[in-house]
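Protein chains in written order, with this note's numbering: chain A, 20 to 366; chain B, 24 to 305. A virtual CB, placed ideally from N, CA and C, is assigned to each residue, including glycine. Note that this is a predicted model, so its numbers are computed, not measured.
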Amino acid sequence: MIKRIVIVIIGIIVVVLGRGFFFYSGFYTPPPTEMPSYEDVVVPPAPSSEFFDNVSDNISEEEKAVLIDLAHDNNFDKEELNVLILRLISRDLSIKFFGVEDDLKKELLGEEEEEEEEIEGEEEPLGEEEEEQTDQEEEPLGEEEEEQTDQEDEPLGEEEEEEEEELLPVAFIIVSPQVEFSKEEKKTVNEFVDNGGKLLLIADPTRNGNINSISLEFGLIFEPDYLYNMEENEINYRNIFVSEFEENEITKNIEKIVLYVAGSISSADGGIAFVDQNTFSSIIESRKQLSPIALNQDEKVMAVHDLTFMTEPYNGALDNNQLIANIADWLASPAEEEEAAESNEKD
Amino acid sequence: MSRLESTKRLLRRWFISIPFFVLLGLILGGLVSILVIPRPNIAIITISGPVLNQDYADDILDTLQYAQDKNNVKAVVLRIDSPGGGASATEQIYLDVLRLRQQKPVVTSIGTMAASGGYYVAVASNFIYAEPTSQVGSIGAFVSLPQREELDEDVATTGPFKATGRSRRKAVGHLEMVRQEFVTAVMAQRGDRLKVSEEELSRAEIHVGVESLKYGLIDDIGTRTAAIEKAASLAGLRNYGVVEFQITSQPVSWIFKSSDLEALKSQTGLISKYYYLYFEPR
């Protein structure tokens, strides 16, 4: 009986093994599976630094104003300039905003009345020989203006309110304009800069605009790119560190800044702040020394291709506050030519 | 005489009864073997389209669990045709595929695309096939940053971030954590097979199949058939069946265009979500 049972069992085993060999050639050996460990996933702390705004003693006590453009559908909120405005106010600069209904020539050069009179009297000939006549008329106007302001200095000192109304700006700030500057406006801004005014141009790659319509007048091109660094950055590849600077009034006491989605600026002079070799442009591949901050040749026009670093809380990162203070100092200080002219007059 | 007869009887009994019991054994063996060794199957699970909603993710998770529990399923082929999806949904699938892989081999076959979250899921498998022109990669994430809180006198909150969830900087910080998770997962699962650095992975580039093979993002060029054969080989199968496990719910739409980003941003509301999602350029 036992033998019969053994026979049956052998029969069963043979069939089972046969089926097993028919279907299987081996067994699955799972590879060592590394389950994810999230302990090493960390966010580096924000690179903050302490900052005390030491207002330079060289800044004259003469009352000055800074004009901020709001007439070109500028893509920013006034609050975003709070930090810069605060630095300007602490340097005794008053802030004026230039709106759509304001006259740029009047606001920047104080020339509205003369211009209107001329236009009224010479409407037809202006249409035919516009350029020649304006050229002829500008020079005497420039002279008249200087004489007028000189003459008006003393009586204005006695009547403060009037002086406030007619206070001409020493600097003009244009942030991310969406509307192009007209020929007339460009001419006015050019004249303003020629007369010793400072021009600060700010754009941001996240806010498309027409900044080049005015920056090109001064040999500065805001590139349609953004800068990034995959190896060393402030928690995101588009938040780049800048630590190479050309020695300059604007870069004094600065070791390292962080820019938050900055673009590059092309200029004949190559800029004043440079990104490192691991920072690349999203568009430009051929050039290596990229600069998000630049000055024009005579250092009266400054271009910055990032607005975010000026806003809270990003201004608190590394030396960003120092850079903003330096920009405010630069805007508040007279242009070098003016300084030289003033010292010559004294001599 | 009687001795001869008894010997004959014994032999007759043996010759008649032995084949009977052998046959009995074989028949019983056949029945037992069907119960003990069922015909092995390779299950095909298709993940297609963006995995944006939890319902779709749950369906995929249920199907993976079913494949894991089913005795006669000896290997799984994941057929992926996805641009990714929500970070959370993607991670759930990734973790469950890893769990499944510890019991049964999982081979991925990439169709048109396994980008971003689609690739995140793929790296959990034992072996990845893609077609020469499959789109593979986009290892990264994005988030819609919280907007400035609009204060309302009629609504009170208990903390400064109750309405926004977090500051914008912190949201970017979390995004960096999400990036690290993704990149770490790819590096850990691909191991020595990977031929590119962490920085290169973080560029979130999309590659065609041939290029991704060169970079070690996939293991070989091959179709679904190759994936089935590989799965069988890993599971040690000579003969097998192939079954398709259907996922009942389907994604809403197929490929995202970058112009859809605004729509997605508006859906995220104040408290933003993280996405492992690839947008087709315009």
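Looking only at its chain, what residues have a beta carbon closer than 8 angstroms to the beta carbon of residue i, apart from the 5 residues adjacent to it on each side?
i	result
Val-280/A	Asp-223, Pro-224, Thr-225, Tyr-245, Arg-257, Asn-258, Asp-325 and Thr-327
Gly-12/A	Nothing in the structure corresponds to residue 12/A, since chain A is present only between 20 and 366.
Phe-46/A	none
Glu-331/A	Asn-101 and Val-102
Asn-340/A	Ser-68, Phe-70, Asp-72, Val-102 and Asn-334
Glu-222/B	none
Short of 6 angstroms in beta carbon distance, which residues of its chain neighbour residue i, apart from the five on each side in sequence? Order them along the chain.
i	result
Trp-277/B	Because Trp-277/B carries a pLDDT of 49, less than 50, the predicted location of this residue cannot be relied on, and no value is offered for it.
Lys-218/B	Tyr-238 and Gly-239
Glu-150/A	Caution is warranted here: a pLDDT of 47 is assigned to Glu-150/A, below 50, making its placement in the model unreliable, and the coordinate value is therefore given only provisionally. Cβ within range, chain order: n/a, list empty.
Pro-174/A	Note that Pro-174/A scores 48 on pLDDT, short of 50, meaning its location in the model is unreliable; the coordinates nonetheless yield the value given after this. Counting only Cβ-Cβ distances below 6 angstroms, and skipping sequence neighbours, we find nothing.
Phe-200/A	Ser-232 and Ile-233
Ala-98/B	Ile-65, Lys-127, Pro-128, Ala-254 and Ala-258
Leu-87/B	Asp-119 and Leu-123
Leu-123/A	Glu-204 and Thr-207
Gln-158/B	Met-136, Ala-138 and Ile-229
Lys-83/A	Leu-112 and Val-189
Leu-187/A	Gly-129
Glu-142/A	Only weak support exists for where Glu-142/A lies, its pLDDT of 45 falling under 50; the coordinates are left without a value.
Glu-104/A	The question names Glu, but residue 104/A in the sequence shown is Ile. Within the same chain, Ile-104/A has close Cβ partners Ile-114.
Val-233/B	Pro-155
Met-329/A	Val-102, Leu-103 and Ile-343
Can you tell me the Cβ-Cβ gap for residue i and residue j, rounded? I've got them flagged as a contact below 8 angstroms.
i	j	result
Asp-86/A	Phe-237/A	Strictly speaking, residue 86/A in this sequence is Leu, with Asp absent from that position. Contact doesn't hold; Cβ gap of about 17 angstroms is too wide.
Ala-258/B	Pro-128/B	5 angstroms
Tyr-89/B	Ser-272/B	The pair is not a contact, with the Cβ atoms about 15 angstroms apart (cut-off 8 angstroms).
Gly-141/B	Ile-83/B	The Cβ separation is near 12 angstroms, so there is no contact.
Ser-262/A	Glu-274/A	6 angstroms
Leu-218/A	Val-320/A	4 angstroms
Asn-248/A	Asn-209/A	Wrong, their Cβ atoms sit about 36 angstroms apart, outside the cutoff.
Could you tell me the boundaries of the alpha helix (DSSP H) in which residue i lies?
i	result
Val-144/B	140 to 145
Gly-30/A	21 to 42
Thr-207/A	202 to 213
Asp-104/B	Counting along the chain, Asp-104/B falls outside any alpha helix (DSSP H), though it belongs to the beta strand (DSSP E) covering 96 to 105.
Ile-343/A	339 to 351
Thr-113/B	110 to 124
Ala-190/A	No alpha helix (DSSP H) contains Ala-190/A, which is instead part of the beta strand (DSSP E) from 188 to 194.
Ala-254/B	247 to 258
Glu-126/A	123 to 128
Ordered along the chain, which non-local residues of its own chain (more than five positions away) have a Cβ less than 7 angstroms from that of residue i?
i	result
Ala-344/A	Asp-72 and Arg-106
Ile-251/B	Ile-65, Val-100 and Val-265
Asn-94/B	Pro-61
Ala-227/B	Ser-161, Ile-162 and Gly-163
Arg-38/A	none
Gly-109/B	Val-74, Leu-75, Lys-296 and Tyr-298
Ser-109/A	Asp-72 and Val-74
Asp-154/A	Residue placement at Asp-154/A is flagged as unreliable, the pLDDT there being 47, under the threshold of 50; the coordinate-derived value follows with that caveat. Here the set comprises nothing.
Since residue i is in the beta strand (DSSP E), which residue starts that stretch and which ends it?
i	result
Tyr-298/B	297 to 300
Tyr-152/B	150 to 153
Glu-267/B	264 to 268
Thr-298/A	298 to 300
Ile-312/A	312 to 314
Ser-285/A	284 to 286
Val-323/A	320 to 323
Should residue i be counted as a contact of the ligand COA given a C-beta to heavy atom distance under 7 angstroms?
i	result
Leu-86/A	Here there are no bound small molecules, and the ligand COA is not part of this structure.
State yes or no: is the beta carbon of residue i nearer than 8 angstroms to at least one beta carbon in chain C?
i	result
Arg-23/A	Of the chains in the structure shown, none is chain C; the protein chains are A and B.
(request) Tell me, please, whether the segment 208 to 215 of chain A touches the segment 120 to 132 of chain A by the rule of three or more beta-carbon pairs shorter than 8 angstroms. (result) Flag = yes, the segment 208 to 215 of chain A and the segment 120 to 132 of chain A touch.
(request) Quick one: which unbroken beta strand (DSSP E) runs of 3-plus residues sit fully inside the segment 157 to 231 of chain B? Chain order, please. (result) Within the segment 157 to 231 of chain B, the complete beta strand (DSSP E) segments at least 3 residues long are 158 to 160 and 229 to 231, listed from N- to C-terminus.
(message) Restricting to runs no shorter than 3 residues, where is the beta strand (DSSP E) found entirely within the segment 217 to 279 of chain A?
(response) Listed in chain order, they are 217 to 221, 239 to 241, 246 to 248, 258 to 261 and 276 to 279.
(request) Check whether the segment 307 to 321 of chain A touches the segment 273 to 289 of chain A, counting contact only when three or more Cβ pairs, one atom from each stretch, lie closer than 8 angstroms. (result) Taking 8 angstroms as the limit for Cβ pairs, the verdict is that the segment 273 to 289 of chain A does touch the segment 307 to 321 of chain A.
(message) So, does the segment 227 to 235 of chain A touch the segment 192 to 207 of chain A, judging by three or more C-beta pairs under 8 angstroms?
(response) Yes, the segment 227 to 235 of chain A is in contact with the segment 192 to 207 of chain A.
(request) May I ask you to verify whether the segment 141 to 160 of chain B touches the segment 240 to 253 of chain B, counting CB pairs closer than 8 angstroms and requiring at least 3? (result) Output reads yes: the segment 240 to 253 of chain B touches the segment 141 to 160 of chain B.
(message) Please give the ranges of any beta strand (DSSP E) in the segment 81 to 111 of chain A, keeping only runs that are unbroken, at least 3 residues long and fully inside the region.
(response) If we require 3 residues or more, the beta strand (DSSP E) runs fully inside the segment 81 to 111 of chain A come out as 83 to 88.
(request) Inspect the CB distances between the segment 190 to 197 of chain B and the segment 155 to 175 of chain B and report whether three or more fall short of 8 angstroms. (result) Between the segment 190 to 197 of chain B and the segment 155 to 175 of chain B there are three or more inter-stretch CB-CB distances shorter than 8 angstroms, so the stretches are counted as touching.
(message) As an exercise, report each continuous beta strand (DSSP E) stretch of at least 3 residues that is fully enclosed by the segment 27 to 104 of chain B, in chain order.
(response) Qualifying beta strand (DSSP E) stretches, in chain order: 64 to 71.
(message) Taking 8 angstroms as the cut-off, does the segment 128 to 143 of chain B touch the segment 171 to 185 of chain B (at least 3 CB pairs, one atom from each stretch)?
(response) At 8 angstroms Cβ cutoff, the stretches do not touch.
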